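Novice:
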Amino acid sequence: MQKIAILICVSVLWLSIECIAQPKWQRSEPPKTVDLALFHSPMTANFPTTETLGKGDFMYEISHRFLPAIKEGFRAFWGIDGPAQIRTAISYGITNKIMVSLGHSNLLDNMDLQLKLKLFQIRSETLPGVIAIRGGIAVNTEVPESLNRGSLAGENFQYYTQLVYNTMLFNKKFGIGIVPSYLYNSNIFTVENQYTFTLGNYYQFYLNQMWSFWLELNPIISGYQGFVRADELGTKSHNHFATGLDIETGGHVFHLFVTNNSRINPSQFIVGSDKSAEIDHLRLGFGITRHF
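Everything in the sequence shown is counted per the working numbering, starting at 19 for the first residue and increasing by one.
1) In chain order, what residues of the same chain lie with their CB nearer than 6 Å to the CB of Tyr200, ignoring the 5 residues before and after it?
2) For Ile116, name the three-state secondary structure that DSSP assigns.
3) Is there a Cβ of chain E sitting closer than 8 Å to that of Leu125, yes or no?
4) Among all the DSSP beta bridges, which residues are the ones paired with Lys134?
5) Taking the straight line between their C-alpha atoms, what separation do you get for Gly74 and Gly111?
6) Return the CA-CA distance between Ser8 and Lys254, expressed in angstroms with no decimal places.
7) For Pro41, which of helix, strand or coil comes out of DSSP?
8) Checking the sheet assignment: what are the DSSP bridge partners for Ala260?
9) Determine the extent of the alpha helix (DSSP H) in which Phe304 is found, giving its start and end residues.
10) Note down the Cα distance separating Asn128 from Gln176, rounded to an integer number of angstroms.
11) Just reading off the beta strand (DSSP E) that Phe76 is part of, what are its end residues?
12) For Gln139, which of helix, strand or coil comes out of DSSP?
13) Any idea what DSSP makes of Gly111, helix, strand or coil?
14) How is the beta strand (DSSP E) around Pro198 delimited, first residue to last?
15) Which residue wins for smallest C-alpha separation from Leu145, given the options Ile108, Thr307, Leu54, Ser59?
16) On a Cα-Cα basis, can you pick out the residue from Ile88, Phe207, Phe57, Gly172 that is closest to Phe275?
17) Below 8 Å CB to CB, which residues in the same chain sit around Ala39 once its five sequence neighbours on both sides are set aside?
18) For the alpha helix (DSSP H) that Gln180 lies in, which residues bound it at each end?
19) Within 8 Å, do at least three Cβ pairs link the stretch 85-101 to the stretch 132-141?
20) CB Gln212 to CB Gly241, shorter than 8 Å?
21) To the nearest angstrom, report how far apart Asn166 and Tyr224 are at their CA atoms.
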């Protein structure tokens, strides 16, 4: 009887130790994956990146493209003392992967509404990649009275879509972007609707979290490559070129650069540059974004 009692006590003690040693069963939470962040901003000076705003975040943008060439020197204060094409825009993060933007340019009073969606992420130690898509609609409300057309006539609307691929090399120091772009109704003054297809690309080298240098190109592959404004009739558009530096500080990104292109809103920018990339035609430009 005594042996049975001892056996029961030992068994109870052993079970107690096992219960203490083993934690209670709980449903395990799946590991949370963090979105890849390659470039430091949702946009370069002229192109979209694959980055999007966080849900509920805002971004304000203002951009200037001065019209006088740098070669005019002190007479036009190297281009700054003259007229400019200006864009302002506000963006909002609907989710962490979807953002919407509303912008305006004083060129033809062009107003655009665009949506960007982050599609795929390629996780790799050597060649990470992200793919996004941006689509938009624009309307040009400044049209000559001789056209006898209302500001919101169907001929004044333009539509565009851009596929965006980003990758980062050399320990996140060198970023590459490829942006094939398609624009429908490239010129609102032609009788038949035109299209333009370009293969945008950009390269950005980050010295540190604050300073970086970049280059943008947007060769026109096919389609319309002519004028944008009615008073440019007969002129040809050229492949876009821009190069400069970015400064990041306190939620701001400052783009400072030289370019041959004064067109800013996407439905005008995709058509091409109003000047060739010869050094005599280069002009100053800047852009500022504020993320809050």
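Glycine included, every Cβ here is placed at the ideal spot set by N, Cα and C. Bear in mind the structure is a predicted one, so any value in this text is a computation, not a measurement.
Specialist: Result, derived from the coordinates:
1) Thr179, Phe215
2) strand
3) Given the protein chain composition of this structure (a single chain), no chain E is represented.
4) Met117, Arg152
5) 5 Å
6) Here the chain has residues from 19 to 310 only, and residue 8 is not among them.
7) Here Pro41 scores only 49 on pLDDT, less than 50, and its place in the model should not be relied on; the value that follows carries that caveat. In the structure shown, Pro41 sits in coil (DSSP, three-state: anything other than H, G, I, E or B).
8) Glu234, Thr277
9) Run containing Phe304: none in the alpha helix (DSSP H); it sits in the beta strand (DSSP E), 301-309.
10) 10 Å
11) 76-84
12) strand
13) strand
14) 192-202
15) Leu54
16) Ile88
17) In this prediction, Ala39 has a pLDDT of 46, which is less than 50 and means its spatial position is unreliable; what the coordinates show is noted afterwards. For Ala39, where only same-chain residues beyond five positions count, there are no Cβ hits under 8 Å.
18) Where Gln180 is concerned, there is no enclosing alpha helix (DSSP H), although the beta strand (DSSP E) it sits in stretches over 175-187.
19) no
20) yes
21) 51 Å
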